[in-house]
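Beneath this line is the structure, given in structure tokens, with notes to follow.
Number of protein chains: 2
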Amino acid sequence: MYARLEDVIGCKWSVSVLHAVGAGTRRPGALEREITGISTKVLSERLRKLTHYGLLEREAFPELPPRTEYALTEAGRRLVEIIEQIQRLDSQLQTTTPGGRDAKRA
Amino acid sequence: MYARLEDVIGCKWSVSVLHAVGAGTRRPGALEREITGISTKVLSERLRKLTHYGLLEREAFPELPPRTEYALTEAGRRLVEIIEQIQRLDSQLQTTTPGGRDAKRA
């Protein structure tokens, strides 16, 4: 089906990291503060996986203390667009189909 | 994230059913023959779920024996398009990133 992307699209932490980096939060410390509930361990795993998959690129700056930044690759940008399409369709479905959010409130 | 669509996009049977109906196979019997490995039970569960989610529409014909056909709704067509984008990006990533299919063959 889509071996690699399936476990990115189905993972809320991966989706949150892609969104945050795409919105300009590029350093691990800032990402951890911004993404509520993510642990340091999970964040570094996701950063490593998303970089390995070619969705993020990592840049290390030769400074003291060392500085690392992440950015979306072209493929990463493309995936964020696709995820946003899914989110739009999902909210549209939530409202228009029985058992959708509005139906529950009625 | 995307409560409903997550378990559709991450489910190979749901994706296969959407693709097959989108390609013109509309009757349960034909779907079961076309989708290798799917059981009658799983097929009918997925047809019911995808219809409940508003991705498929079901039409029953008042005939003997009774005839039922499924078609993609507008949202179903939209989701198939999104899934195809994911599949294209996934294969592109498989070939361009380390650990991708080509890298394994090298």
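Chains as they are written, first to last, in full-length UniProt numbering: chain A, 1 to 106; chain B, 1 to 106. Virtual Cβ for every residue (Gly too), placed ideally from N, Cα, C.
Residue i, buried or exposed, once every other Cβ within 10 Å from all chains shown has been counted against 16
i, result
"S39/A", "exposed"
"A75/B", "buried"
"Q94/B", "buried"
"T36/A", "exposed"
C-beta atoms of residue i and residue j nearer than 8 Å
i, j, result
"L47/B", "V80/B", "no"
"A3/B", "D90/A", "yes"
"G54/A", "T51/B", "no"
"L56/A", "L43/A", "no"
"M1/B", "K49/A", "no"
"R77/B", "G22/B", "yes"
"G10/A", "G10/B", "yes"
is_contact[residue i, chain A] using C-beta, thresh 8 Å
i, result
"I35/B", "no"
"Y53/B", "yes"
"T97/B", "yes"
"E59/B", "no"
"E45/B", "no"
"K49/B", "no"
"A3/B", "yes"
"R78/B", "yes"
"V42/B", "no"
"L18/B", "no"
"E84/B", "no"
"E6/B", "yes"
"G29/B", "no"
"L56/B", "no"
"L64/B", "no"
Below-8 Å beta-carbon distance, residue i vs any chain B residue
i, result
"A75/A", "yes"
"A71/A", "no"
"I38/A", "no"
"L89/A", "yes"
"G22/A", "no"
DSSP-derived helix/strand/coil call for residue i
i, result
"R77/A", "helix"
"R26/B", "coil"
"T68/A", "strand"
"L89/A", "helix"
"E59/A", "strand"
"I83/A", "helix"
"I38/A", "coil"
"T97/A", "coil"
Exercise. Is the stretch 13 to 31 of chain B touching the stretch 61 to 81 of chain B, taking contact as three or more C-beta pairs under 8 Å?
Worked result: yes
inquiry  = I'd like to know if the stretch 46 to 61 of chain B and the stretch 81 to 88 of chain B are in contact, where contact means that at least 3 CB-CB pairs between them fall below 8 Å.
reply    = no
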